[in-house]
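According to UniProt numbering, the sequence shown is numbered sequentially starting from 1. Just so it is clear, CB atoms sit at the ideal spot from N, CA and C, and this is done for glycine as well. Model, not experiment: these values are computed from the prediction. Encoded as structure tokens, the structure appears first; notes follow it.
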Amino acid sequence: MRQVYLDYSATTPVKEDVWKAMLPYYTDFYGNPSSLYSVGLEAKAGLDKARGQVADLINAEPREITFTSCGTEADNWVLEGVADKLKEKGKHIITSKIEHHAILHTCEYLEKHGFEVTYLDVDSEGFVKPEVLEDAIRDDTILISIMMVNNEIGTVEPIKELAAVAKKHKIYFHTDAVQGLGNVPIDVKDLGIDFMSMSAHKIYGPKGVGALYTRKGIKIPNFMHGGAQETKRRAGTENVAGIVGFGKAAELAHANLEHHRAHCSELRDYLRKEIEEKISGIQVNGPRDHRHPGNLNVCFDYIEGESILLMLDGFGVAVSTGSACSSKSLVPSHVLEAIGVSITKMNGAVRFTVGDFTTKEDIDYTVDALKTVVEKLREWSPVTGQEGW
1 MRQVYLDYSA TTPVKEDVWK AMLPYYTDFY GNPSSLYSVG LEAKAGLDKA RGQVADLINA
61 EPREITFTSC GTEADNWVLE GVADKLKEKG KHIITSKIEH HAILHTCEYL EKHGFEVTYL
121 DVDSEGFVKP EVLEDAIRDD TILISIMMVN NEIGTVEPIK ELAAVAKKHK IYFHTDAVQG
181 LGNVPIDVKD LGIDFMSMSA HKIYGPKGVG ALYTRKGIKI PNFMHGGAQE TKRRAGTENV
241 AGIVGFGKAA ELAHANLEHH RAHCSELRDY LRKEIEEKIS GIQVNGPRDH RHPGNLNVCF
301 DYIEGESILL MLDGFGVAVS TGSACSSKSL VPSHVLEAIG VSITKMNGAV RFTVGDFTTK
361 EDIDYTVDAL KTVVEKLREW SPVTGQEGW
């Protein structure tokens, strides 16, 4: 049976050049990078090279990159670190209603500890408007955190304009770029941001490795305590092989960005066209432009997205009903709710994400399987044809 992977926003396969770059750090250069003997110095050299590779991808300086275990850790670190640093100045944080749960749940944690959080509304395509942000700012606002690219509907937020609003009011600005890294051009200097979270496994690197960009001159309290690793910013022996893999993945993403974007957007648009032509009763969510190049989020009337997912899996096709980090939750998508999708429609939502290894033949096979699945599920559904969809 053919296997088609269309969930690249959940994770990506590790590219061959990446795992080949990692292997020597398991077999030959396995030393502790804090050690002074040669095998440790070789590990340290790999660490330093990777830091430069990640920095190059976003036009940062290597010293502005701190490696973490994942994007979620980086998100937690910024929110809790800034809150701790500036709690005497103010206790107000601004974010949006469509953020990843790594941001939303951390904000909920901070609310339980005396902080106030404003959750900004978005428009019907998921965009945060600069004027809406402006209106939410208070004298005690200490941090604004808006994601770069939405993980469910693919909206690419106007980060440069939003960061300019924050800068005007001298407020720290953070963006979660986990879905943006390697998918949209990122120049941290041009964007004018203070902090940015990243993850390796979304750009064909290994799982368990992330990074935090912190603009030069800014220091927030450490999130982890212990040794002096990562220039005393993040304690714990570094995952050298994983970080080396992140560096190689960043190097490849930098070199192939335009080709990657063109390849993915072409297949994404073809998938949309084929679905719209061959399956009735659908609704595409999110913007047509200013969108993640591989993302397509579609609601199918009268049936549940989870049923579509499970039946497509029987055809060897892997898709998602939303964020993989909360795929076992029965709670409706907070993102679709925020853009005004009805509860009946959002239950039928499916997210497709194409990537570097996706082919036109994969799309054709998927659409044929999807048509069969949707027809069968609608045949079984007791609400097919009813009003209110």
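- As for any alpha helix (DSSP H) of minimum length 4 sitting wholly inside the stretch 17–99, the runs are 24–27, 38–58 and 71–86, ordered along the chain.
- Distance from the Cα of F246 is smallest, within the candidate group G340, G205, E276 and T353, for G205.
- In the three-state scheme derived from DSSP, where H, G and I count as helix and E and B as strand, A228 is classed as coil.
- Counting the other CB atoms within 10 Å of its CB gives E238 a total of 16 or more, which places it among the buried residues.
- In this structure, A250 keeps its C-beta atom at 7 Å or more from the C-beta atom of Y25.
- Around the beta-carbon of H260, 16 or more other beta-carbon atoms lie within 10 Å, marking it buried.
- For the stretch 137–191, the continuous beta strand (DSSP E) assignments of 3+ residues that do not extend past its boundaries occur at 141–145 and 172–176, in sequence order.
- Around the beta-carbon of S280, fewer than 16 other beta-carbon atoms lie within 10 Å, marking it exposed.
- Between Y5 and the set F315, P332, H334 and G348, the nearest pair of CA atoms involves F315.
- Under the DSSP assignment, V335 falls in the alpha helix (DSSP H) whose first and last residues are H334 to A338.
- Contact between G210 and T106 does not hold, since their C-beta atoms are separated by about 15 Å, which reaches or exceeds 8 Å.
- Burial of P33 is indicated by the presence of at least 16 other C-beta atoms within 10 angstroms of its C-beta.
- The beta-bridge partner set that DSSP reports for T214 consists of F195.
- In the DSSP assignment, A262 falls within the alpha helix (DSSP H) that extends over V240 to K278.
- Taking a contact as a CB-CB distance under 8 Å, the pair A338 and V122 counts as one, their CB atoms being some 6 Å apart.
- The three-state secondary structure of S307, taken from DSSP, is helix.
- Buried is the label assigned to H100, since at least 16 other Cβ atoms lie within 10 Å of its Cβ.
- Under the three-state reduction of DSSP, T366 is assigned to helix.
- Residues of the same chain with a CB within less than 6 Å of the CB of L86, apart from the 5 flanking positions on each side, are I142 in chain order.
- Segment contact: the stretch 265–275 against the stretch 215–225, fewer than three CB-CB distances shorter than 8 Å; contact not assigned.
- By the CB criterion at 7 Å, Y302 and T175 fall outside the cutoff.
- If you compare the alpha carbons of A60, L377 and K15 with that of I193, the shortest gap goes to A60.
- Within the same chain, and ignoring the five residues on either side of S381 in sequence, the residues whose Cβ sits closer than 8 Å to its Cβ are Y302 and I303.
- Between the C-alpha atoms of M148 and V178 there is a straight-line separation of about 8 Å.
- Assigned with DSSP and collapsed to three states, L110 falls in helix.
- Around the C-beta of S124, fewer than 16 other C-beta atoms lie within 10 Å, and the residue is accordingly described as exposed.
- One thing to note: V244 has its Cβ within 7 Å of the Cβ of A21.
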